[in-house]
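The structure appears right after this line, and notes come after that.
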């Protein structure tokens with residue numbers, strides 16, 4: 005990693021994880037395999053900021069640790085990249101197991117449970133799905149009809165208040181780091197045991 009850390013992908017530890025490496029990697033990993041409109045790639049870091057924002061909108065007053073979980077929901081992609089779902093399926097269980105090991109190490113590094121509670125994971129997935137629907141139409145070239153079919157939503161109203169942002173990677177990296185630091189500060193001294 006650029007920080008000088010060495011990360012064993014098969015046996016990652018929290019000691020090998022640095023937020024600067026995550027922010028940098030995610031800011032340079034393009035979603036949708038780079039097949040998006042605009043002068044800048046739509047990065048996983050930008051997507052992560054959007055998912056956390058949506059998560060807060062649909063779960064107002066939620067614990068800051070779950071907001072951090074939403075921000076870091078794709079954090080393993082800083083080293084394994086963002087693969088589209090058909091590729092993930094083709095790779096099978098090994099890819100999923102690697103992703104889970106990295107996620108557990110990342111979570112432990114930043115004071116989160118190694119495994120996020122199922123109820124919280126579902127809420128993050130809901131925010132992720134809303135983001136995917138928005139991205140598909142605004143930057144990935146899908147029609148509204150295609151997007152509705154592939155990403156059905158219960159809370160369509162939220163789409164009207166959201167807008168995709170495309171920024172240079174360095175700017176996205178800085179925004180991701182700043183938001184991470186805000187969430188970490190807000191977690192200090194808070195009991196996170198009740199979810």
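In this note's numbering, the protein residues as written are 5 to 199.
Glycine included, every Cβ here is placed at the ideal spot set by N, Cα and C.
*asked:* Less than 8 Å between the C-beta atoms of residue 78 and residue 51, yes or no?
replied: yes
*Between residue 41 and residue 59, which are expected to be in contact by the criterion C-beta below 8 Å, what is the C-beta distance as a whole number of angstroms?*
In fact, because the Cβ distance is near 25 Å, the residues do not count as touching under 8 Å.
*Can you tell me which of the three DSSP states residue 196 falls into?*
Low confidence applies to residue 196: its pLDDT is 44, below 50, so where it sits in the model is not reliable, and the reading given next is rough at best. Coil at residue 196, not helix or strand.
*Determine the DSSP secondary structure at residue 47, reduced to helix, strand or coil.*
strand
_For a quick check, are the C-beta atoms of residue 20 and residue 35 less than 8 Å apart?_
no
*Find out if the Cβ-Cβ distance for the pair residue 28, residue 177 is shorter than 8 Å.*
yes
*Ordered along the chain, which non-local residues of its own chain (more than five positions away) have a Cβ less than 7 Å from that of residue 116?*
69, 72 and 73
_On the CB-based measure, 16 or more other CB atoms within 10 Å of its CB, does residue 156 come out buried or exposed?_
exposed
*For residue 99, the nearest candidate out of 81, 114 and 113 (CA to CA)*: 81
*Quick one: grab the DSSP three-state call for residue 31.*
helix
*asked:* Can you check which of these residues, 170, 168 and 131, is closest to residue 160 by C-alpha distance?
replied: 131
*Under 8 Å, do residue 54 and residue 140 count as touching if we go by C-beta distance?*
no
*DSSP three-state call for residue 132: helix, strand or coil?*
helix
*How long is the line joining the alpha carbons of residue 187 and residue 181, rounded to whole angstroms?*
10 Å
*Residue of 170, 171, 22 and 168 minimising C-alpha distance to residue 83*: 22
*Among 33, 17 and 185, which residue has its Cα nearest to the Cα of residue 171?*
33
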